[in-house]
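S.K.: Have a look at this one.
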Amino acid sequence: MEDSNLGETLKPYLSAVRVPKPGDKVFKDECLLSFDTPESETGLYVCLNTFLGYGRHCVDQHVNKTGNKIFLHLRKIKKLLPQEKSELEPEKKITRLAIGIEGGFPMESATKYEYEERHSIAIFPGPIEIQLPHPNLPVQLENSIQGILAATSAGYLEELSALESTWDGENRLVSKFAENLNQLHNGVKVPPKGWQCTKCDKTENLWLNLSDGTILCGRKFFDGTGGNNHALEHYEATGYPLAVKLGTISGDGKADVYSYAEDDMVEDPYLKQHLSHFGINMDGMKKTDKSMAELEIDLNQRVGEWASIQETGKSLVPLFGPGYTGLANLGNSCYLNSVIQVLFTVPSFQERFFNDREAIISAADTNAFQDFNVQMSKLAVGILSGRYSLPIADEENQHQQGIKPSMFKSLVGKGHPEFSTKRQQDAVEFLLHMINITERNMRVHPKPSTSPVESFKFQVEERLQCLASGQVRYTRRPEYHLPVPVPLETASNTEEVRLFNEQKKAAMTAGQPFKSDDVVRPKVTLQSCFEALIRPEEVQNFYSSAINAKTTALKTTKLATFPDYLWIQLRKFTLAEDWTPVKLDVAVEIPSVIDLSFMKADGKQTNEVLMSDDITASNTAVEPVVDLAVVESLTEMGFPLVACKRAAILTQGAGLEAATQWIMEHMDDPDFLTPPLNSLSGTFKADEEGVAMLQSMGFSRSQCVKALQNTDNNVERAADWIFSHPDEINSDDCAPAPSATSATTSALSEPTFIDGPPVYELAAFISHMGSSTSVGHYVCHIKRDGRWVIYNDEKVAVSENPPFELGYLYLYRRSP
11 MEDSNLGETL KPYLSAVRVP KPGDKVFKDE CLLSFDTPES ETGLYVCLNT FLGYGRHCVD
71 QHVNKTGNKI FLHLRKIKKL LPQEKSELEP EKKITRLAIG IEGGFPMESA TKYEYEERHS
131 IAIFPGPIEI QLPHPNLPVQ LENSIQGILA ATSAGYLEEL SALESTWDGE NRLVSKFAEN
191 LNQLHNGVKV PPKGWQCTKC DKTENLWLNL SDGTILCGRK FFDGTGGNNH ALEHYEATGY
251 PLAVKLGTIS GDGKADVYSY AEDDMVEDPY LKQHLSHFGI NMDGMKKTDK SMAELEIDLN
311 QRVGEWASIQ ETGKSLVPLF GPGYTGLANL GNSCYLNSVI QVLFTVPSFQ ERFFNDREAI
371 ISAADTNAFQ DFNVQMSKLA VGILSGRYSL PIADEENQHQ QGIKPSMFKS LVGKGHPEFS
431 TKRQQDAVEF LLHMINITER NMRVHPKPST SPVESFKFQV EERLQCLASG QVRYTRRPEY
491 HLPVPVPLET ASNTEEVRLF NEQKKAAMTA GQPFKSDDVV RPKVTLQSCF EALIRPEEVQ
551 NFYSSAINAK TTALKTTKLA TFPDYLWIQL RKFTLAEDWT PVKLDVAVEI PSVIDLSFMK
611 ADGKQTNEVL MSDDITASNT AVEPVVDLAV VESLTEMGFP LVACKRAAIL TQGAGLEAAT
671 QWIMEHMDDP DFLTPPLNSL SGTFKADEEG VAMLQSMGFS RSQCVKALQN TDNNVERAAD
731 WIFSHPDEIN SDDCAPAPSA TSATTSALSE PTFIDGPPVY ELAAFISHMG SSTSVGHYVC
791 HIKRDGRWVI YNDEKVAVSE NPPFELGYLY LYRRSP
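Sequential numbering of the sequence shown, starting at 11, is according to my numbering.
So, in structure tokens, the structure goes:
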């Protein structure tokens with residue numbers, strides 16, 4: 011463009027041009043409505059007024075809605091760098107139970123690129139392009155461009171915020187012994203090197219007892235490596251609880267500290283002074299030995315489920331196109347990737363967020379990055395359109411780059427104590443979080459209709475029979491997934507497992523390495539898991555209104571309705587005898603088709619007498635009796651005090667095991683941290699301002715009061731509580747006001763359930779690798795186009811040998 015015409019061309023648009031100020035969010039990495047980036051073929055357009063970024067096919071909508079027509083057009087041209095043999099590096103060793111961070115599992119190939127940046131000013135319609143740099147730009151325009159280029163992107167700021175709580179893979183609680191640890195004044199000073207076990211010749215895997223300064227070797231591992239258990243024996247002889255692993259101490263304050271008394275890896279906030287007691291200057295220390303996480307990774311990579319689940323060693327054929335788009339790992343986000351991939355195979359989710367994309371995107375405003383429906387639609391299009399499922403050019407492995415769900419992860423995790431971080435999470439908890447947030451946001455969907463999560467919703471019937479009177483009580487509740495126990499006692503290969511464990515133990519005792527090509531796991535059938543779920547179980551200390559006293563009841567659980575899609579969770583994560591969470595290493599036989607007719611609830615029978623619900627005591631403000639021993643034990647495990655009291659009350663004095671199990675099953679409940687006495691007290695007074703705010707959303711006054719009563723007058727939690735307790739909110743004592751005609755009240759007026767034949771076929775499953783839900787890795791397998799496909803973050807390929815028996819969460823769809 012001629013310089014003489016430049017001023018005239020730009021003049022009509024300069025009044026809209028702004029210079030970014032501190033605090034302004036600049037979206038220059040990715041389109042708000044798609045996964046276009048500066049690396050895309052048509053680049054990214056950043057509005058010079060709002061600093062929002064859009065792909066080429068989304069710009070016109072922003073122009074029409076806002077009237078802003080001038081943009082900074084960003085393009086990055088990716089060019090492959092030739093690698094000479096001297097530049098080729100050996101594969102880096104994995105040292106941390108994490109993904110996408112230094113020392114963790116890699117997210118990308120080692121192929122190197124350089125980028126050529128080509129920027130221009132774009133004026134719409136047209137667009138008219140003015141190539142940059144340009145010597146004669148108006149000062150305001152030049153300052154705006156430079157401000158955008160220099161600004162830290164909004165996406166990076168979100169990542170930085172999450173990284174403040176990034177976790178390496180070990181979820182450690184502060185030891186209760188750390189603050190007042192008894193350290194002997196015995197004159198022991200530990201040298202900076204040359205360590206050896208006091209009782210043997212071991213010079214690796216050494217632990218310094220923080221009470222008396224004794225250096226001893228650690229435990230022996232199942233493959234014969236490790237130590238000779240001398241540190242453990244020392245604890246058993248002295249009772250001194252804490253030890254630090256020598257060689258893991260570093261100047262940045264990190265080290266492996268183990269509490270023998272608590273039987274777990276722990277945090278010691280006073281480690282620096284505890285080490286100083288024995289002459290160790292922590293600031294000058296450097297890590298020289300493997301941490302426990304690194305040792306676990308070594309073992310996991312050699313044997314076990316990692317290789318099986320990821321189908322390691324097989325040459326998998328990559329897939330591309332609609333429905334075969336990978337999701338890049340953002341750093342321990344594989345739980346999110348797996349759940350999202352499976353969700354978007356469900357027709358109701360495809361209908362609401364892919365088929366309705368035009369209505370959703372056209373309704374988007376400048377806050378699209380904070381709009382759940384917009385971001386879900388963006389994700390649906392990214393996964394299902396095939397637009398981003400392309401092989402990486404010039405790469406031998408032909409895998410795709412995938413899309414990065416960064417904006418989506420930031421949105422759905424916002425305000426959540428776990429999902430807002432980069433720590434690994436439980437896929438089931440995230441699934442329930444997604445169901446809850448999807449349900450809540452259907453109220454503001456541009457095309458109001460049935461929520462897609464209705465496809466998963468079913469009704470559970472619980473029958474309680476008072477053994478003293480024979481009378482029964484029936485209750486029903488909505489659920490969105492079915493957790494089933496894994497009864498190891500039904501294993502079909504008990505003898506083989508016993509022999510395998512004996513061989514392993516013998517090898518460890520003899521100090522010999524134990525190697526087995528095939529790990530022998532207990533084999534259990536899914537049918538036995540279902541049978542264990544519906545098997546009648548005794549409930550102690552049950553208050554029976556039939557006899558007005560506590561007695562023993564028999565509880566039976568069955569399904570009253572059968573949804574179109576049924577999530578089944580294998581409860582592999584349980585408690586060991588010492589109450590520490592463990593994962594069952596078990597193989598469960600998973601049939602491709604299941605018939606759940608035998609789990610159908612029967613309802614009240616003609617010969618049964620119902621217990622009266624008119625319990626006098628329930629109308630009186632009575633403070634429940636709390637088993638303080640149970641509460642204390644739970645808090646020592648690290649659970650919040652409020653939740654511990656709630657568990658002790660709601661399990662009706664059934665003991666520590668029942669209370670612990672209740673906590674593990676209800677950690678994702680919106681009222682998990684609700685003080686337990688609110689609903690039992692007759693003195694509750696609702697916050698009138700909170701009532702008014704909830705009523706403005708279409709709820710009746712009685713519904714609002716009940717929700718606030720159950721959430722300690724917290725308005726935000728009360729809104730969540732209403733959506734997650736439809737049965738309670740629709741009870742007679744808080745029926746909606748007759749005049750309420752909003753979609754919300756209508757939807758809550760009477761819960762409905764999809765019901766149909768209880769015959770299902772396997773559609774997808776999510777597998778977990780690692781010793782607990784807070785470490786390891788998730789992948790999913792989906793049956794698509796008649797074949798099984800593995801989705802391992804950004805890698806999508808034909809599955810040669812799907813590990814059906816090692817899954818954690820299964821999705822069955824109703825057979826046609």
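We put the beta carbon where it would ideally sit given N, CA and C, even for glycine.
Where DSSP assigns a beta bridge to residue 127, which residues make up the other side?
M.R.: For this step, residue 127 is matched to residue 117 along the sequence shown. 86, per the DSSP bridge assignment.
S.K.: Identify every run of the alpha helix (DSSP H) within the segment 226–274, keeping only runs that are complete inside it and at least 4 residues long; order them along the chain.
M.R.: List check, alpha helix (DSSP H) in window: 240–248.
S.K.: Span of the beta strand (DSSP E) holding residue 819?
M.R.: To locate residue 819, count along the sequence shown from 1; it is residue 809. Residue 819 -> beta strand (DSSP E) spans 817–824.
S.K.: Start and end of the alpha helix (DSSP H) containing residue 298?
M.R.: Position 288 of the sequence shown, counting from 1, holds the residue named residue 298. Run containing residue 298: none; DSSP gives neither H nor E here.
S.K.: With a Cβ-Cβ cutoff of 8 Å, do residue 240 and residue 203 count as a contact?
M.R.: Position 230 of the sequence shown, counted from the first residue, corresponds to residue 240. Position 193 of the sequence shown, counted from the first residue, corresponds to residue 203. No; because the gap between Cβ atoms is not below 8 Å, this pair is not in contact.
S.K.: Pop quiz: residue 40 and residue 223 are said to be a contact at Cβ under 8 Å. What is the actual Cβ separation, rounded to whole angstroms?
M.R.: The sequence position of residue 40 within the sequence shown is 30, counting from 1. The sequence position of residue 223 within the sequence shown is 213, counting from 1. Not confirmed; about 54 Å, so no contact.
S.K.: By a C-beta neighbour count over all protein chains shown, 10 Å radius and 16 as the cutoff for buried, is residue 608 buried or exposed?
M.R.: Along the sequence shown, one-based indexing puts residue 608 at 598. Residue 608 is exposed by the Cβ-count criterion.
S.K.: Could you have a look at residue 584 and say whether DSSP puts it in helix, strand or coil?
M.R.: What you label residue 584 is simply residue 574 of the sequence shown in a count that begins at 1. Residue 584: strand per DSSP, three-state reduction.
S.K.: What is the C-beta distance between residue 582 and residue 544, in whole angstroms, given that I count them as a contact (C-beta under 8 Å)?
M.R.: Counting from 1 along the sequence shown, the entry for residue 582 is found at position 572. Counting from 1 along the sequence shown, the entry for residue 544 is found at position 534. Not a contact, Cβ separation roughly 19 Å.
S.K.: Distance, Cα to Cα, residue 482 vs residue 650?
M.R.: Walking along the sequence shown from the start, residue 482 turns up at place 472. Walking along the sequence shown from the start, residue 650 turns up at place 640. Going from the Cα of residue 482 to the Cα of residue 650 covers about 35 Å.
S.K.: Here's the rule: buried if 16 or more other CB atoms are within 10 angstroms of the residue's CB, otherwise exposed. What is residue 845?
M.R.: It is not possible to answer for residue 845, since the shown part of the chain is limited to 11 through 826.
S.K.: Per the contact definition of three or more C-beta pairs closer than 8 Å, is the segment 785–798 in contact with the segment 335–355?
M.R.: Taking 8 Å as the limit for Cβ pairs, the verdict is that the segment 785–798 does touch the segment 335–355.
S.K.: Return yes when the Cβ of residue 596 is within less than 8 Å of the Cβ of residue 508, no when it is not.
M.R.: For the purposes of this step, residue 508 is taken as the residue at position 498 of the sequence shown. For the purposes of this step, residue 596 is taken as the residue at position 586 of the sequence shown. Their beta carbons are not under 8 Å apart, which means residue 508 does not touch residue 596 by this criterion.
S.K.: Can you give me the C-alpha to C-alpha distance between residue 336 and residue 799, rounded to a whole angstrom?
M.R.: Mapped onto the sequence shown, residue 336 falls at position 326. Mapped onto the sequence shown, residue 799 falls at position 789. When rounded, the distance between both Cα atoms is 11 Å.
S.K.: What is the residue span of the alpha helix (DSSP H) that residue 140 lies within?
M.R.: Against the sequence shown, residue 140 aligns to sequence position 130. Not the alpha helix (DSSP H): residue 140 falls in the beta strand (DSSP E), residues 138–141.
S.K.: For residue 72 and residue 18, what's the separation of their Cα atoms in angstroms?
M.R.: As a working note, residue 72 is residue 62 in the sequence shown. As a working note, residue 18 is residue 8 in the sequence shown. In a straight line, the C-alpha of residue 72 is about 24 Å away from that of residue 18.
S.K.: Mark residue 797 as exposed unless 16 or more other C-beta atoms lie within 10 angstroms of its C-beta, in which case mark it buried.
M.R.: The residue given as residue 797 occupies position 787 in the sequence shown. Looking at its Cβ environment, which holds fewer than 16 other Cβ atoms inside 10 Å, residue 797 is exposed.
S.K.: Beta-carbon within less than 7 Å of residue 279's beta-carbon, same chain only, minus the 5 sequence neighbours each way: which residues are those?
M.R.: On the sequence shown, position 269 is the one that residue 279 refers to. So the list reads 184 and 188, once near-sequence residues are dropped.
S.K.: Compare the beta carbon distance of residue 822 and residue 578 with 8 Å and say whether it is the shorter of the two.
M.R.: The count along the sequence shown starts at 1 and reaches residue 822 at position 812. The count along the sequence shown starts at 1 and reaches residue 578 at position 568. Contact: yes.
S.K.: Can the beta-carbon of residue 85 be found closer than 8 Å to that of residue 143?
M.R.: Position 75 of the sequence shown, counted from the first residue, corresponds to residue 85. Position 133 of the sequence shown, counted from the first residue, corresponds to residue 143. The answer is no: Cβ separation not under 8 Å.
S.K.: So is residue 129 buried or exposed if we call it buried at 16+ other beta carbons inside 10 Å?
M.R.: The count along the sequence shown starts at 1 and reaches residue 129 at position 119. By the 10 Å Cβ count, residue 129 comes out buried.
S.K.: To which residues of the same chain is residue 451 closer than 7 Å at the C-beta, ignoring the five residues directly before and after it?
M.R.: Position 441 of the sequence shown, counted from the start, is the residue given in the question as residue 451. 382 and 383.
S.K.: State buried or exposed for residue 195, treating a residue as buried only when at least 16 other CB atoms are found within 10 Å of its CB.
M.R.: In the sequence shown, the residue the question calls residue 195 occupies position 185. So residue 195 counts as exposed.
S.K.: What would DSSP say about residue 731, mapped onto helix, strand or coil?
M.R.: In the sequence shown, the residue the question calls residue 731 occupies position 721. Residue 731: helix per DSSP, three-state reduction.
S.K.: Which residues in the same chain as residue 96 place their Cβ atom closer than 6 Å to its Cβ, once the five residues preceding and following it in sequence are excluded?
M.R.: Numbered from 1 along the sequence shown, position 86 holds the residue referred to as residue 96. Only weak support exists for where residue 96 lies, its pLDDT of 46 falling under 50; the value from the coordinates is given anyway. Here the set comprises nothing.
S.K.: Let me check one thing: in DSSP terms, what residues is residue 534 bridge-paired to?
M.R.: For this step, residue 534 is matched to residue 524 along the sequence shown. The partner list for residue 534 (beta bridge, DSSP) reads 598.
S.K.: For residue 98, which residues in the same chain have their Cβ closer than 6 Å to its Cβ, ignoring the five residues on either side in sequence?
M.R.: As a working note, residue 98 is residue 88 in the sequence shown. With a pLDDT of 45 at residue 98, under the threshold of 50, the predicted position of this residue should be treated as unreliable, though the coordinate-derived value follows. Contacts found: none.
S.K.: Assuming residue 798 is part of the alpha helix (DSSP H), what are its boundary residues?
M.R.: For the purposes of this step, residue 798 is identified with residue 788 of the sequence shown, where counting begins at 1. Where residue 798 is concerned, there is no enclosing alpha helix (DSSP H), although the beta strand (DSSP E) it sits in stretches over 797–802.
S.K.: Which word fits residue 458, buried or exposed, when buried means at least 16 other C-beta atoms lie within 10 angstroms of its C-beta?
M.R.: The residue you call residue 458 lines up with position 448 of the sequence shown. Result: exposed.
S.K.: Name the two residues that bound the continuous alpha helix (DSSP H) containing residue 345.
M.R.: Taking the first residue of the sequence shown as 1, we reach residue 345 at position 335. Run containing residue 345: 344–353, per the alpha helix (DSSP H) assignment.
S.K.: Under the three-state reduction of DSSP, which class applies to residue 790: helix, strand or coil?
M.R.: Mapped onto the sequence shown, residue 790 falls at position 780. Residue 790: strand per DSSP, three-state reduction.
S.K.: How is the beta strand (DSSP E) around residue 548 delimited, first residue to last?
M.R.: Within the sequence shown, numbered from 1, the residue matching residue 548 stands at position 538. That run of the beta strand (DSSP E) goes 547–554.
S.K.: For residue 809 and residue 70, I'd like the C-alpha separation in whole angstroms.
M.R.: By one-based count along the sequence shown, residue 809 stands at place 799. By one-based count along the sequence shown, residue 70 stands at place 60. So the alpha carbons of these two residues sit roughly 41 Å apart.
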